[in-house]
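Chains as they are written, first to last, in the working numbering: chain A, 5 to 300; chain B, 57 to 221.
The beta carbon of each residue, even a glycine, is placed where N, CA and C say it ideally should be.
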Amino acid sequence: MNCRDLIARLDDLNASRLRPSERLEAEKHLAACGECRDLQALIAAGRDEREIEAPPGLLDDVMARTSGDTCRSAHRLLCDHVDGALDPVDDELLRLHLNDCAGCAGTALALARLTADLPALAVLQPDDRFVIEVLARTTRRERFAIGWAARLVAAGQRLASGWQSLMQRPRFAFEGAYLGVIFLVLLFGIPTSPLAGVPQQALGLVRGNPVAGLREVGEEVAPTIRITVRPRWKEKGAELAGAARDLASDVARRSSGRLDEWKSDLGTLWDRLTSEETSSETNGTADGADRREGEE
Amino acid sequence: MRRYQSRVYSVAWHYMRNAEEARDLAQEIFVRIYERLETFRGEQAFLPWMLRLARNACIDALRRRKARPPATDVAIDDAVQLPSPTPTPEQTSAARSTRELLYRAMERLSESDREILMLKEIQGLKVEEISSLLKVPTGTVKSRCNRARIELAACVRRLDPSYGT
């Protein structure tokens, strides 16, 4: 047995848990090695002293010097822990810390609740005027046109309804007649009006003899018509007569040729018919004589 | 617009912390979106693109606000309307008180912590999208977000020790 094997079995040696053969080897090594003998004596003396409690915060101090502030480390992992994105080993270590640290545990709970609550802040409802105001700023031209169209329509509707109510009034006919008279007086009765002379002229026309007037006009116009129309009439008449004569001669020429053809055709046909009739009569007489001879 | 107005208003509110300013800013954001819709490419997701525009508009507004005196804050109860009525009055009240608590806690955070929380935890953007938006590495986004979450949890616990238990 060497020193390393003895140190590994020293606790068992002191507790008398070694087998006899191992114990003999260990005692032989202790007899030969002074360092292992001192170590064995030191451990045997320490077993008799009472256990001394560690000072408070020793673990945190050691952890702070070896792996930093535990709460700070836990904070770095908390979000992933809440999101379920932490690897199992770190997650287990964090759970151990959360079991002992109320502050970090509360923060973890708050984080989990925030994950559910924060998305609800994504929407805030503005008031009802919002859309109208944005539309007014983005579609100004259309709104201008639409606004004017709406105004025109509204004015038309107001006009129609006003007219309806006016017509339903009992004095509407009287008022209409009154307004009409005023209108006519303004139109024709004022000397400065452009239509002021129209009634006088119309009256004069009605009072005069319209037939005589027309005759006078006809006599003025008739020579002009005669001069203009008569030569044209004669010229057109001569053209029409020539065309009629040409047409008649053409028709006569064509019809006489065709008639001659028809006559010759008819004569030929007549001759053929008469010759066939004569030959049939001659044959009939000869056949009768033959039959009479046979009977006899 | 009706689909995204609540989200845009929420983003504006988280940056401005003031209902009236948030409302004006949300209008401004929608006007920007309207003007720049042609630059939106169909293959990318609309929400990150919209939130990027919203964030830039918010930062511009914060810069403008620094040049003038701050507006009077409005009480959270008056500023916030719940998006939809919850089934029972008790649930409505609980949701409102939780929301108020979270807003108060978030007010105690730094602007950068608030921003990263708003983008990731509240608006639900991916780490890669936030990385592209903020022009920082994805690892930085994760660590900043975790730190902000821990900070927010601690703030909430200080305001209400029973939160989460």
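Item, Value
"Stretch pair the region 198-218 of chain B + the region 113-127 of chain A: three plus CB contacts closer than 8 Å", "yes"
"For I89(B) and L118(B), believed in contact at Cβ under 8 Å, the rounded distance", "About 19 Å separates the two Cβ atoms, so there is no contact after all."
"Pairwise C-alpha distance: T232(A) and R249(A)", "27 Å"
"For A19(A) and E31(A), the rounded distance between their alpha carbons", "14 Å"
"Element boundaries [alpha helix (DSSP H), containing V67(B)]", "Q61 to M72"
"Run of the alpha helix (DSSP H) containing L185(A), from where it starts to where it stops", "According to the sequence displayed, residue 185(A) carries Val and not Leu. Its alpha helix (DSSP H) spans residues F176 to L188."
"Separation of E76(B) from T148(B), as counted between CA atoms", "24 Å"
"9 Å Cβ cutoff, D134(B) in contact with chain A", "In this prediction, D134(B) scores a pLDDT of 49, lower than 50, which makes its location untrustworthy; the coordinate-derived value is nonetheless stated afterwards. No, because no Cβ of chain A sits closer than 9 Å to the Cβ of D134(B)."
"Host alpha helix (DSSP H) of V192(B) (start-end)", "Run containing V192(B): none; DSSP gives neither H nor E here."
"Alpha-carbon spacing of A150(B) relative to G166(A), whole angstroms", "57 Å"
"Interface flag, G110(A) vs chain B, CB-CB below 9 Å", "yes"
"Residues in the region 68-95 of chain A having any Cβ partner in chain B nearer than 7 Å", "H79, L82 and C83"
"Short CB-CB distance (under 9 Å) between A110(B) and chain E", "Structure shown: chain E not included; protein chains present are A and B."
"A204(B) versus Q44(A) - alpha carbon distance", "57 Å"
"Identity of the residue in C75(A), L98(A), S259(A) and R173(A) nearest D84(A) by Cα", "L98(A)"
"Cβ pair M57(B), V135(A) closer than 9 Å", "yes"
"Any C-beta of chain A under 9 Å from that of T194(B)", "no"
"Proximal residues of chain B, C-beta to C-beta of A116(A) below 8 Å", "G220"
"Contact with chain B by D104(A), beta-carbon distance below 9 Å", "no"
"Counted within 10 angstroms of its Cβ, other Cβ atoms place S62(B) as buried (16 or more) or exposed", "buried"
"Beta-carbon contacts of L93(B) that lie in its chain and below 8 Å, excluding the five residues immediately before and after", "none"
"Nonlocal neighbours in the same chain, by C-beta distance under 7 Å from W38(B), ignoring five residues either side", "The structure shown does not extend to residue 38(B), since chain B spans only 57 to 221, so no value can be given for it."
"Neighbourhood of D133(B) by C-beta, 8 Å cutoff - its chain only, sequence neighbours within 5 removed", "With a pLDDT of 48 at D133(B), under the threshold of 50, the modelled position of this residue cannot be trusted, and the question is left open."
"Check whether G220(B) and L122(A) have beta carbons under 9 Å apart", "no"
"Partners in chain B for L137(A), counting only beta-carbon separations shorter than 8 Å", "Correcting the residue identity first, residue 137(A) is Glu in this sequence and not Leu. By Cβ distance, chain B contributes Q83."
"Cα-Cα separation between L14(A) and C7(A), rounded to whole angstroms", "10 Å"
"Alpha-carbon spacing of D129(B) relative to A68(B), whole angstroms", "With a pLDDT of only 49 at D129(B), under 50, the local geometry of the prediction cannot be trusted, and the value read off the model is given with reservation. If I take the Cα positions, the gap works out to 14 Å."
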